[in-house]
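Let me begin by presenting the structure, written as structure tokens, before commenting on it.
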Amino acid sequence: MNRVVITGMGIWSCIGTSLDEVRDALYQGKSGIIFSQERKDAGFRSALVGNVPKVDLKPYVPRNLRNFMPEEAQYGYIATKQALEQAGIDEDYLAKHEVGIIYGNDSVAEATMTSLDKFRQATSTVACGSGAIFQSMNSNITMNLACLFKLRGINLTASAACASGSQSIGLAALLISQGLQDCVVCGGAEENNMYGIASFDGIQAFSIRESEPEKASRPFDASRDGLVPSGGGATVILESYEHAVKRGANIIAEIVSWGFSGNGDHISTPNVEGPARSLELCLRNGGIDPKQIGYINAHATSTVIGDRREAQAIAQIFGERTVPVTSTKSQTGHEMWMAGASEIIYSTL
């Protein structure tokens, strides 16, 4: 089996729009959470949100092609541009080599709602616009990025809710390890608007600690009262070790193992067995002794039940051994479909 390495990373998030900014924010304990009056006025129970800057693609993407790109694809584009640059992969290389893409996404709410509103108001389907059909596909990120960067390898969207970003990386690593791909662009992106998460607010999933936005997301804390939504884009470039060495790439980290599982129980409420099994599979597949693990960046979203079950799963696998466990969501909020990818970057930085 081939070894799998990371040779490039890129990120656009509420705590920074470059690797340097994000690294500084992480070490300084900076929070990217704000109170949004716009959301409060719109009827949200909780107006807390990650403050993700909008992306200006005018210098990079022609107007006719931007028309196909909803918010999440824009985040994915800028993160991928950064990652390819760090990996030293340019247009000439992409033209001569097969590079694939597996990217996480699980919502197209704003694009879908906007086109339907235009249709209803005009009572004409023409009003939807020429880009609406592509913007409203769950695969909009992979198909846009594949066309813009000329990626000719595997093209796949990982749609697995909050695990979408990490699933994309695990799947890419699996393909590379088996020799089916040499290089894959992978990651996750999340639209950061009211349409995508209004229903979460409706079921009271969000923290209402509005007087202290920067302290509202508090994973594992005894007084946690819900998650804080956020978004953006995060990309990592995976390659086989041999491929990376052959082209003289700088190796940032190695993906040693991965584990996939579902709890097979409830659609939203996690149990202990699901996450425990994924941890167990990851350790077993990589031939790793739990004693070798020096740090865990937990999924912990700051929900009462979710954090408790995850802590129980970690304890079940690691037993009495003390392993440092934190969750970077205390600074970023829950970046949803992007989280699994962004948190690999946070841990690497």
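Mapping to my numbering: the sequence shown position 320 is 1654, numbers consecutive. Ideal Cβ positions, reconstructed from N, Cα and C, are used throughout, including at glycine. If you're wondering where the values come from, they're calculated on a predicted model, not measured in any experiment.
Can you tell me which of the three DSSP states residue 1446 falls into?
The residue you call residue 1446 lines up with position 112 of the sequence shown. It is helical.
Grab me the residues of residue 1524's own chain with a C-beta within less than 7 angstroms of its C-beta, minus the 5 sequence neighbours each way, in chain order.
In the sequence shown, counting from the first residue as 1, residue 1524 sits at position 190. Answer for residue 1524: 1406, 1565, 1566, 1669, 1670, 1671 and 1672, listed in chain order.
Given a cut-off of 8 angstroms, decide if residue 1423 and residue 1571 are closer than it, judged by their beta-carbon atoms.
Numbered from its first residue, the sequence shown carries residue 1571 at position 237. Numbered from its first residue, the sequence shown carries residue 1423 at position 89. Going by C-beta atoms, residue 1571 is nearer than 8 angstroms to residue 1423.
Whole angstroms is fine: what's the gap from residue 1553's alpha carbon to residue 1460's?
The residue you call residue 1553 lines up with position 219 of the sequence shown. The residue you call residue 1460 lines up with position 126 of the sequence shown. Taking the straight line from one Cα to the other gives about 46 angstroms.
Could you tell me whether the stretch 1413–1429 touches the stretch 1488–1495, where touching means 3 or more Cβ pairs closer than 8 angstroms?
no
Please state the DSSP three-state secondary structure of residue 1547.
Taking the sequence shown and counting its residues from 1, one reaches residue 1547 at position 213. Reduced to three states, the DSSP call for residue 1547 is helix.
Quick one: grab the DSSP three-state call for residue 1474.
As a first step, residue 1474 is located in the sequence shown; it is residue number 140 there, counting from the start. Here residue 1474 sits in helix by DSSP.
What distance in whole Å lies between the Cβ atoms of residue 1573 and residue 1520, which are believed to be in contact at a cut-off of 8 angstroms?
The count along the sequence shown starts at 1 and reaches residue 1520 at position 186. The count along the sequence shown starts at 1 and reaches residue 1573 at position 239. Going by Cβ atoms, the distance from residue 1520 to residue 1573 rounds to 11 angstroms, so no, they are not a contact pair.
For residue 1644, which residues from the same chain have a beta carbon less than 8 angstroms from its beta carbon, with the 5 sequence-adjacent residues on both sides left out?
As a first step, residue 1644 is located in the sequence shown; it is residue number 310 there, counting from the start. Contacts found: 1604, 1609, 1632, 1633 and 1634.
Among residues of its own chain, excluding the 5 on either side of residue 1606, which ones have a beta-carbon nearer than 8 angstroms to its beta-carbon?
Within the sequence shown, numbered from 1, the residue matching residue 1606 stands at position 272. Excluding positions up to five away in sequence, the list reads 1643, 1646, 1647 and 1650.
Take residue 1531 as the anchor and find which of 1549, 1561 and 1512 has the nearest alpha-carbon.
Numbered from 1 along the sequence shown, position 197 holds the residue referred to as residue 1531. Checked all of 1549, 1561 and 1512; the closest Cα to residue 1531 is 1561.
According to the Cβ coordinates, are residue 1636 and residue 1541 closer than 8 angstroms?
By 1-based counting over the sequence shown, the position of residue 1636 is 302. By 1-based counting over the sequence shown, the position of residue 1541 is 207. In this structure, residue 1636 places its C-beta atom within 8 angstroms of the C-beta atom of residue 1541.
With contact counted as at least three CB pairs below 8 angstroms, one residue from each stretch, are the stretch 1444–1461 and the stretch 1363–1379 in contact?
no
Taking the alpha-carbon positions, what's the residue 1507 to residue 1623 distance?
Along the sequence shown, read from residue 1 onward, the residue named residue 1507 stands at position 173. Along the sequence shown, read from residue 1 onward, the residue named residue 1623 stands at position 289. Answer to the nearest angstrom: the Cα atoms are 20 angstroms apart.
Among 1413, 1652 and 1399, which one has its Cα closest to the Cα of residue 1347?
Sequence index remark: in the sequence shown, residue 1347 carries index 13 (1-based). Selected option, being the one with the closest Cα: 1413.
Can you tell me the Cα-Cα spacing of residue 1395 and residue 1388, whole angstroms?
Here the question's residue 1395 lines up with position 61 in the sequence shown. Here the question's residue 1388 lines up with position 54 in the sequence shown. Residue 1395 and residue 1388: Cα-Cα distance of roughly 15 angstroms.
Can you name, in chain order, every residue of its own chain whose Cβ lies under 8 angstroms from the Cβ of residue 1442, other than the five neighbours on each side?
Here the question's residue 1442 lines up with position 108 in the sequence shown. Counting only Cβ-Cβ distances below 8 angstroms, and skipping sequence neighbours, we find 1404, 1406, 1469, 1470, 1471, 1472, 1474 and 1525.
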